[in-house]
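What follows is the structure, given as structure tokens:
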């Protein structure tokens, strides 16, 4: 089992065994999701970050910019509320809200139900990109594959540059690191080079982009990346 | 079991049973911690928030202001690194770093070991205040009592005002809600009244303070609160 799993109690070894069977079942469902996303003609992303790092705003701007060229479908994960799905629905793309009812992360069986609901909105048409926005949590989602092709971790400037060192699990298991809200750099003691170096120490293969969905700075590289993986 | 526990997979009922016995053991250990904190002569706080909401900075400023009048001891919880304990140690108070080795929250047995280590630094002297800084996570720590007298949830302005509605568990189980980084209000579309109203809808008894550890705004109310509970 991945030792970055937050979903067991640190003092109780008993639960490790249960988690092992849980994760094996999750991996199997993730594998099935992966093939379903490919059968739609799409590439899947799993967005992971703390609450309020800018996942939904990034997604809104991405749909505004690329929504005419790419067919984008979204699965929103939250503990409660439909707030995020409403924001995405307003942008005119197919969206499904999953609520975990308390749980701290999405898992692959639940995302499988999300794919059912997404397919129901498509009338047989395909997609180019399926974006799964995970529950706001920098720890537990790192342990649960959902069937994505690429995992994207977001860290916003206000959270502080020490976060890759303090929460290494999600940086270790992601392919893309988006450093968000760079428009706020003037107001924070945040060193992009230091945060990037720390993240690369944990995961040398990590692709890093710094951007601001508000000012637009750095967004072109993100759009290019999406165009490339959906070609 | 508290249904806000993030520490089980949303699709697997099997793990609920294991968690029930886990939480019963945790509550027992929390009860013991509670009495140990009182035996030190102290009141215990459990600080919970997302990564980067300003828990450690608040604690630094609190020690600077009250450290001469109150004997403060700190237990730092992190997944990895001693970074936070080093920051607190520099302020000259007894501090213990707990690292969970991957897990997403502190639990009471681990905090019990933290109290052992804290007592070892005191040479028999007492404390007025024991502050436990939890792992940065707005979900899972809400389920685990640590033996605290008051639970304090922090939400920073950059995280967005929709967070009480989206992460209700921790607002339901806390006594104090600190709205932090108010110096950043000019740069964000954040409505303090709306965030407070939403939090009070979830928990009408919640005591709410808005403050900035950077500008000092609102800090006096927090210091007064600490002076009062340690009288």
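Protein chains in written order, with our numbering: chain A, 30 to 260; chain B, 30 to 260.
Backbone N, C-alpha and C define an ideal beta-carbon position, used for all residues, glycine too.
**Integer Cβ distance of residue 200 of chain B from residue 232 of chain B, believed to fall under 8 Å** = 5 Å between Cβ atoms; contact.
**Asked** So, using beta-carbon positions, are residue 57 of chain B and residue 119 of chain B closer together than 9 Å?
**Response** No, they are not a contact pair.
**Prompt:** Is the CB-CB distance between residue 181 of chain B and residue 51 of chain B below 9 Å?
**Reply:** Taking 9 Å as the Cβ cut-off, residue 181 of chain B and residue 51 of chain B do not qualify as a contacting pair.
**Asked** Where DSSP assigns a beta bridge to residue 128 of chain A, which residues make up the other side?
**Response** Bridge partners of residue 128 of chain A: A/107.
**Request:** Taking only beta-carbon positions, decide if residue 112 of chain A is within less than 9 Å of chain B.
**Result:** Taking CB atoms only, residue 112 of chain A has a neighbour in chain B less than 9 Å away.
**Request:** Report yes if the C-beta distance between residue 212 of chain B and residue 246 of chain B is below 9 Å; otherwise report no.
**Result:** Cβ distance < 9 Å, so residue 212 of chain B and residue 246 of chain B count as in contact.
**Asked** What's the call for residue 191 of chain A, buried or exposed, on a 16-neighbour Cβ count within 10 Å?
**Response** Label assigned to residue 191 of chain A: buried.
**Item:** Contact with chain A by residue 161 of chain B, beta-carbon distance below 9 Å
**Value:** By this cut-off, residue 161 of chain B is not an interface position.
**Request:** Taking only the alpha-carbon atoms, compute the straight-line gap between residue 165 of chain A and residue 79 of chain A and give it to the nearest angstrom.
**Result:** Spanning the two alpha carbons is a distance of roughly 5 Å.
**Item:** Stretch-stretch touch, CB-based, cutoff 8 Å, three pairs: the segment 203–222 of chain A with the segment 104–115 of chain A
**Value:** Segment contact: the segment 203–222 of chain A against the segment 104–115 of chain A, fewer than three CB-CB distances shorter than 8 Å; contact not assigned.
**Prompt:** Within the 9 Å Cβ cut-off, does residue 33 of chain B reach chain A?
**Reply:** No answer about residue 33 of chain B holds up, because its pLDDT of 31 lies below 50 and its placement is not dependable.
**Prompt:** Taking 9 Å as the CB-CB cut-off, is residue 53 of chain B touching chain A?
**Reply:** No - not a single Cβ of chain A is within 9 Å of the one on residue 53 of chain B.
**Chain-ordered residues of the segment 194–216 of chain A with a beta carbon less than 9 Å from chain B** = Listed by position, the residues of the segment 194–216 of chain A near chain B (Cβ gap below 9 Å) are 194, 195, 196, 197, 198, 210, 212, 213, 216.
**Chain-ordered chain B contacts of residue 62 of chain A [CB-CB under 9 Å]** = Under the 9 Å cutoff, chain B gives no residues; its nearest Cβ is about 13 Å from residue 62 of chain A.
**Request:** Would you kindly work out how many angstroms separate the C-alpha atoms of residue 172 of chain A and residue 49 of chain A, rounded to a whole number?
**Result:** Across the structure, residue 172 of chain A and residue 49 of chain A are spaced so that their CA atoms are roughly 11 Å apart.
**Message:** For a quick check, are the C-beta atoms of residue 154 of chain B and residue 125 of chain B less than 9 Å apart?
**Reply:** Contact: no.
**Asked** Taking Cβ positions only, does residue 188 of chain B come closer than 9 Å to chain A?
**Response** Yes, contact with chain A.
**Request:** Report back the beta-carbon spacing between residue 159 of chain A and residue 71 of chain A to the nearest angstrom; my notes put them in contact at under 8 Å.
**Result:** Contact between residue 159 of chain A and residue 71 of chain A is confirmed by a C-beta separation of about 5 Å, below the 8 Å threshold.
**Asked** Distance, Cα to Cα, residue 218 of chain B vs residue 198 of chain A?
**Response** A straight line joining the alpha-carbon of residue 218 of chain B with that of residue 198 of chain A spans about 31 Å.
**Prompt:** residue 234 of chain A: which of A/256, A/248, A/205, A/220 sits nearest, CA to CA?
**Reply:** Here the closest residue by C-alpha is A/205.
**Asked** Cβ of residue 93 of chain A within 9 Å of Cβ of residue 116 of chain A?
**Response** Contact flag unset, no.
**Prompt:** Secondary structure at residue 204 of chain A, three-state DSSP: helix, strand or coil?
**Reply:** In the structure shown, residue 204 of chain A falls within a coil segment according to DSSP collapsed to helix, strand and coil.
**Item:** Among B/167, B/207, B/258, nearest to residue 195 of chain B - alpha-carbon criterion
**Value:** Nearest of B/167, B/207, B/258 to residue 195 of chain B, Cα basis: B/167.
**Item:** Residue-chain proximity (residue 47 of chain B, chain A), Cβ-Cβ < 9 Å
**Value:** When Cβ-Cβ separations below 9 Å define contact, residue 47 of chain B makes contact with chain A.
**Request:** Please name the residue, chosen from A/222, A/229, A/216, A/207, that lies closest to residue 252 of chain A on a Cα-to-Cα basis.
**Result:** Ranked by Cα distance from residue 252 of chain A, the first of A/222, A/229, A/216, A/207 is A/207.
**Prompt:** In terms of residues, what are the limits of the alpha helix (DSSP H) holding residue 248 of chain B?
**Reply:** Here the alpha helix (DSSP H) through residue 248 of chain B covers 248–258.
**Message:** So, with DSSP's three-state summary, where would you put residue 102 of chain B?
**Reply:** Looking at residue 102 of chain B - three-state DSSP - the assignment turns out to be strand.
**Prompt:** Can you find a C-beta in chain B that's less than 9 Å from the C-beta of residue 81 of chain A?
**Reply:** The beta carbon of residue 81 of chain A sits closer than 9 Å to some beta carbon of chain B.
**Item:** Where the alpha helix (DSSP H) containing residue 164 of chain B begins and where it ends
**Value:** Here residue 164 of chain B belongs to no alpha helix (DSSP H), and DSSP marks it neither H nor E.
**Asked** Tell me which same chain residues have a C-beta within less than 6 Å of the C-beta of residue 128 of chain A, skipping the five on either side of it?
**Response** Beyond the five residues adjoining it in sequence on each side, residue 128 of chain A comes within less than 6 Å, by CB distance, of 107, 109 in the same chain, given in chain order.
**Request:** Grab the span of the beta strand (DSSP E) containing residue 182 of chain B for me, first residue to last.
**Result:** Residue 182 of chain B -> beta strand (DSSP E) spans 179–185.
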